[in-house]
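Below is one structure, written out as structure tokens; the observations come after it.
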Amino acid sequence: MSCSMIAGVTQCASCRMYVVLEQQFHAAFTCERCRWVFLLESEVQNLRGELAALRAAANMGENRRLTEQPLAGAGVVGGGEGTVEVNEGDKFVTVKRGSRGHKGRGAGSQLVQSNRFAALGEDAGEDSSELACMERADSQSTLGAGTSNTGGGSSARKGRQAIVVGDSIIRKVDRVICHKDPTCRTVCCLPGARVRHVVERVDKLLGGAGEDPAVLVHIGTNDKVRGGGEVLKNDFKKLGAKLRARTSKVIFSEILPVPRATLRRQRELREINAWLRDWCREEGFGFLQNWADFSIGYRLFARDGGHLNDDGAAALGEKMA
Numbered sequence: 001m002s003c004s005m006i007a008g009v010t011q012c013a014s015c016r017m018y019v020v021l022e023q024q025f026h027a028a029f030t031c032e033r034c035r036w037v038f039l040l041e042s043e044v045q046n047l048r049g050e051l052a053a054l055r056a057a058a059n060m061g062e063n064r065r066l067t068e069q070p071l072a073g074a075g076v077v078g079g080g081e082g083t084v085e086v087n088e089g090d091k092f093v094t095v096k097r098g099s100r101g102h103k104g105r106g107a108g109s110q111l112v113q114s115n116r117f118a119a120l121g122e123d124a125g126e127d128s129s130e131l132a133c134m135e136r137a138d139s140q141s142t143l144g145a146g147t148s149n150t151g152g153g154s155s156a157r158k159g160r161q162a163i164v165v166g167d168s169i170i171r172k173v174d175r176v177i178c179h180k181d182p183t184c185r186t187v188c189c190l191p192g193a194r195v196r197h198v199v200e201r202v203d204k205l206l207g208g209a210g211e212d213p214a215v216l217v218h219i220g221t222n223d224k225v226r227g228g229g230e231v232l233k234n235d236f237k238k239l240g241a242k243l244r245a246r247t248s249k250v251i252f253s254e255i256l257p258v259p260r261a262t263l264r265r266q267r268e269l270r271e272i273n274a275w276l277r278d279w280c281r282e283e284g285f286g287f288l289q290n291w292a293d294f295s296i297g298y299r300l301f302a303r304d305g306g307h308l309n310d311d312g313a314a315a316l317g318e319k320m321a
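Just so we're aligned: the sequence shown equals residues 1 to 321 in the UniProt record's numbering.
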């Protein structure tokens, strides 16, 4: 009996809790909460059964796939007509083919693969790999600065030289920048570089740029902001002083947002950009704003979140050009 000794109160037969009801029940009474619990338990049991059936089907398919694979001893034998040895149970069956036999690749001739952008995936804090990669970039930019892309060899370039220096963010921007004037524009990409690395390489990067070149610098993404960013600000000041001694036309490009960075990191980058804008105004340097164009949906970034895709590189190149 679900009725209680108290008038107007009914006890649940499952949880033994009392419910105030106007109607009296003389049979087993189940409250609303317990009915939902029973319903959810039933659904869970059904889902477990379906999951078990799916796992059994997947295991069966995997076993079938493994049993259908040929043994390691069965291989392709090259011949006049071409033959294939297929293992069927305990015997081998030779199948004739109408095409010519193909000579297999020798075991000693291995294909050596290399990735020239492997340094981009390493940690920005590993200075050894960064320096090695930047040394290669330095040598390439120095060679390119002394020659002309028009086939003139060592002939002097005409017009004012324009140099774009930055980290791996500016990779591919040369497709836009150098396309408009390949004889007078150079892009120096230093993967993993920080501001202090560019300070150390100003003389080498601008060695063949001629008199009073125009320099645009995009750097700072790999730098860590510590102690309010004072170390980073001092590095920017050193870079500005060294560039001023070499040329009168200097432009600093705003640091781009990082899609996968924390809110704290994004706030630090915005604070550094605000300081960089004010500092450039005080020092008479140019300042290129980028944040607003690259922070909407991050559609201009590659899947790794640390570099630009083709559309992003084209957009940044157009702004720099």
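We put the CB at the ideal spot given by N, CA and C, even for glycine.
Here's a check: name, in chain order, each residue in its chain whose Cβ is nearer than 8 Å to the Cβ of residue i, leaving out the five neighbours to either side.
i, result
"residue 180", "321"
"residue 229", "268, 271, 272 and 275"
"residue 301", "259, 294, 307, 308, 309 and 312"
How many Å lie between residue i and residue j at the Cα?
i, j, result
"residue 149", "residue 162", "The predicted model places residue 149 with a pLDDT of 38, which falls under 50 and marks its position as unreliable, so this point remains unresolved."
"residue 268", "residue 50", "50 Å"
"residue 41", "residue 260", "40 Å"
"residue 308", "residue 58", "40 Å"
"residue 306", "residue 168", "9 Å"
"residue 316", "residue 227", "30 Å"
"residue 38", "residue 52", "21 Å"
"residue 36", "residue 294", "49 Å"
"residue 13", "residue 54", "37 Å"
"residue 20", "residue 298", "57 Å"
"residue 200", "residue 296", "34 Å"
"residue 45", "residue 253", "60 Å"
"residue 278", "residue 303", "33 Å"
"residue 196", "residue 56", "59 Å"
"residue 282", "residue 198", "21 Å"
"residue 205", "residue 238", "16 Å"
"residue 314", "residue 213", "23 Å"
"residue 211", "residue 262", "43 Å"
"residue 61", "residue 43", "27 Å"
Tell me which same chain residues have a C-beta within less than 7 Å of the C-beta of residue i, skipping the five on either side of it?
i, result
"residue 203", "none"
"residue 187", "164, 170, 173, 174, 177 and 178"
"residue 233", "275"
"residue 225", "232, 268 and 272"
"residue 243", "202, 215 and 250"
"residue 64", "none"
Going by C-alpha to C-alpha distance, which of the options sits closest to residue i?
i, options, result
"residue 34", "289, 17, 301 and 292", "17"
"residue 235", "189, 56, 193 and 209", "193"
"residue 240", "257, 56 and 284", "284"
"residue 256", "247, 30, 242 and 223", "223"
"residue 319", "251, 195 and 266", "251"
"residue 245", "215, 287 and 9", "215"
"residue 208", "237, 60 and 247", "247"
"residue 266", "292, 198, 28 and 237", "292"
Does the beta-carbon of residue i have 16 or more other beta-carbons within 10 angstroms, so that it is buried, or is it exposed?
i, result
"residue 290", "buried"
"residue 182", "exposed"
"residue 264", "exposed"
"residue 31", "buried"
"residue 15", "exposed"
"residue 10", "buried"
"residue 221", "buried"
"residue 190", "buried"
"residue 47", "exposed"
Considering only heavy atoms of the ligand ADP, does any lie closer than 7 Å to the CB of residue i?
i, result
"residue 270", "Ligands are entirely absent from the displayed structure, and the ligand ADP is therefore not among its contents."
Residues in its own chain within less than 6 Å of residue i by CB, not counting five upstream and five downstream?
i, result
"residue 166", "218 and 219"
"residue 280", "252 and 287"
Any C-beta of chain C sitting closer than 8 Å to the C-beta of residue i?
i, result
"residue 193", "Considering every chain present, this structure includes no chain C. It has just one protein chain."
Original post:
Fully enclosed by the region 162–205, which alpha helix (DSSP H) runs are 4 residues long or longer?
Top reply: Taking only runs of at least 4 residues, the alpha helix (DSSP H) segments lying wholly in the region 162–205 are 174–180 and 195–205.
Subject >> Ordered list of beta strand (DSSP E) runs contained in the UniProt domain "SGNH hydrolase-type esterase" (190–314), each at least 3 residues >> reply: DSSP runs (the beta strand (DSSP E)) wholly in the UniProt domain "SGNH hydrolase-type esterase" (190–314): 214–218, 249–253 and 286–288.
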